[in-house]
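Report on one structure; see the data block that follows.
Protein chains in written order, with my numbering: chain A, 1 to 343; chain B, 344 to 634.
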């Protein structure tokens, strides 16, 4: 009887603490935090996670902006949107005293121009786009450069991302320009180059490019390293290459929008995500590199040593992170429509 | 009497209110936005401009419209060719199981159309069922992938929209007066003549209604060309979405949307006019027969 009363009280206490601890509204990319991480957070802190997802930075930005930064407590934009949202005053400065695990991050990726001193953002995962081919059809040595996508063997069997920044990235890198070039003449030049690649394209896909590879619908194309990592484990003949001109790098970051109501819970959530065991779990689940140094030791050897998941230093050195291109996006968009409409 | 009146007023008023809030108002907002100026900071600024319309007076948008119209009209034609014989057989069906056949037409609606499109991906891919069956029957020697082709786009559109064609066709074929067909035969018309000169004109309202119900949604179903055609077709729906999200050029996106709405309005007007003509024409022909 006494046990029953005790356990009843415990349940009431837990329920009470859960109610008191409240909620945190997290708005994140689809398939980007494992279910068990979210439930463990609620278990440990009693804070309920209200989780919604988006499939592009653009969709997330439009919503946060229209709501004036209210309605969400934690959002996960890529670097170039952190920059944009920061400049437009859409973000709340972070309280570092509530983020004791911040020190786990690799100092090499902190304090970058998109957010000096990381006043507003905390890196979550990063990654990059490279080339993957099916060695049964295409010799991987042929695609050491982005130029390899023009290979005869890939005619009609090529996959490109359905994303204008990524596709224009190929041409910009080949021409030796920055990924974030805003010069309309350069963009026009790249358009002329890419026009010759479009007839080879079998599919534009950014939802799950690995499926087209695994179904052998395509023999090669551009793909994120995390997606590639998962595909490589399922099919022997697939090979991933970081091209000579460099990969197209991005990084996603936790931020707190200006109008967030649950500031303390938002910090608690970000701090939880910075814990080494949690960061390791996320890295393992999705095959994207974690910037969390303390998590590295917890990863299985094959993952930690994979050049696909963790691009070697010389790859990172010759690669560039995507950044905001401002109004030049209109020029890109115009050429992108032209490219896809085939005129 | 009073209660029926009250009920009538409430239900009509409710529907009118609903349409005002969720159809008229959004359209007014979009039409208004199409005359404003793009603004990087606030999406749009409240200054009148024709930039939106200048933005779509571009060969690219014309090409996008052309591709949309091509896919939508192709799908409509195919639906008509497949749907008419089916609806005809169904309407003339004298055996049992008619209700079951009708139910089979409607059952696909019970599953979300996006999910059904993904199912088609698995059927049409190189390692999929269709390819395996073709190889098994010896029709092709090697597995073929229909996925990411224009054929796949048409298969997807026809599959998704066929019921919208069959149901109005069935309704008008069902109403067809059998004695008119008998009269045609008595007057010496052969089967083809009876079909072309009696059945088709009398079911024209069904043909037009079915075609509209296929054509209009086909213009906007961009997920089908994206998933089954490999995203190689830019149709009006993609164009508008990209203008709003990627380019953040709301005036251009709105202008494109207004043009599309006007195009649909024109088609509906044409439908209205032609169905009135068909009715009058049909009635006249009938009177003439009596006299």
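Every residue gets a Cβ at the ideal spot worked out from N, C-alpha and C, and that includes glycine.
Only those residues of the region 584 to 595 of chain B whose C-beta falls short of 8 angstroms from the nearest C-beta of chain A are listed: 585, 586, 587, 588, 589, 590, 591, 592. Per DSSP, residue 388 of chain B is one residue of the beta strand (DSSP E) stretching across 386 to 388. Cα atoms of residue 401 of chain B and residue 479 of chain B: separation of roughly 49 angstroms, rounded to the nearest angstrom. With a cutoff of 9 angstroms on beta-carbon distance, residue 334 of chain A and residue 577 of chain B are scored as not near each other. By the Cβ-count criterion, residue 451 of chain B is exposed, with fewer than 16 other Cβ atoms from all chains shown falling within 10 Å of its own Cβ.
Taking a 10 Å sphere around the C-beta of residue 359 of chain B, we find fewer than 16 other C-beta atoms and assign the residue as exposed. Taking 9 angstroms as the cut-off, the beta carbon of residue 378 of chain B is found closer than this to the beta carbon of residue 393 of chain B.
Inter-segment contact for the region 100 to 107 of chain A and the region 290 to 309 of chain A is present: three or more beta-carbon pairs are separated by less than 8 angstroms. Cβ neighbours of residue 308 of chain A within its own chain (closer than 7 angstroms, five residues either side excluded): 225, 228, 229, 232, 240. When C-alpha distances from residue 42 of chain A are compared across A:166, A:315, A:331, A:266, the shortest belongs to A:266. Annotated three-state conformation of residue 164 of chain A is helix, per DSSP. Here DSSP, grouped into helix, strand and coil, assigns residue 123 of chain A to strand. Between the region 373 to 388 of chain B and the region 308 to 324 of chain A, the count of C-beta pairs closer than 8 angstroms stays below three; the two stretches do not touch. Note on the region 190 to 274 of chain A: whole beta strand (DSSP E) runs with a minimum of 3 residues are 201 to 204, 220 to 224, 238 to 241, 248 to 254, in chain order. The beta-carbon separation of residue 72 of chain A and residue 260 of chain A, rounded to 7 angstroms, stays under the 8 angstroms limit for a contact.
Using a Cβ-Cβ cut-off of 9 angstroms, residue 252 of chain A does not count as an interface residue toward chain B, since no Cβ of chain B sits closer than that to its own. Distance between residue 413 of chain B and residue 582 of chain B, taken at the CA atoms: about 16 angstroms. Contact check for residue 202 of chain A against residue 566 of chain B fails: the beta carbons are separated by 9 angstroms or more. Using a Cβ-Cβ distance cut-off of 8 angstroms, the region 248 to 258 of chain A and the region 70 to 90 of chain A are in contact, since at least three pairs of beta carbons, one from each stretch, lie closer than that value.
Closest in C-alpha terms to residue 553 of chain B, from the list B:510, B:421, B:482, B:607, comes B:510. Residues of chain B with a Cβ closer than 8 angstroms to the Cβ of residue 162 of chain A are, in chain order, 569, 574.
Taking 9 angstroms as the cut-off, the Cβ atoms of residue 180 of chain A and residue 325 of chain A count as close.
Taking a beta-carbon distance threshold of 9 angstroms, residue 334 of chain A counts as an interface residue toward chain B. Residue contact with chain B for residue 36 of chain A: absent (no Cβ-Cβ distance below 9 angstroms to any residue of chain B). Residues of the same chain with a CB within less than 6 angstroms of the CB of residue 218 of chain A, apart from the 5 flanking positions on each side, are 157, 159, 202, 212 in chain order. Beta-bridge partners assigned by DSSP to residue 453 of chain B: none are found. At least 9 angstroms separates the CB of residue 375 of chain B from every CB of chain A. Cα atoms of residue 125 of chain A and residue 178 of chain A: separation of roughly 23 angstroms, rounded to the nearest angstrom. Cβ proximity to chain B below 7 angstroms picks out 162, 164 from the region 146 to 171 of chain A. Neighbours of residue 88 of chain A across chain B, judged by C-beta separation under 8 angstroms: 384.
In the structure shown, residue 479 of chain B falls within a helical segment according to DSSP collapsed to helix, strand and coil. Counting only Cβ-Cβ distances below 8 angstroms, residue 410 of chain B has contacts in chain A at 341, in chain order.
Beta-bridge partners assigned by DSSP to residue 49 of chain A: A:24.
When C-beta distances to chain A are compared with 8 angstroms, the residues of the region 482 to 497 of chain B below that value are 488, 490, 491, in chain order. Think of a sphere of 7 angstroms around the beta carbon of residue 202 of chain A: the chain B residues whose beta carbon falls inside it are 491, 573, in chain order. When only Cα atoms are considered, residue 422 of chain B and residue 456 of chain B end up about 17 angstroms apart.
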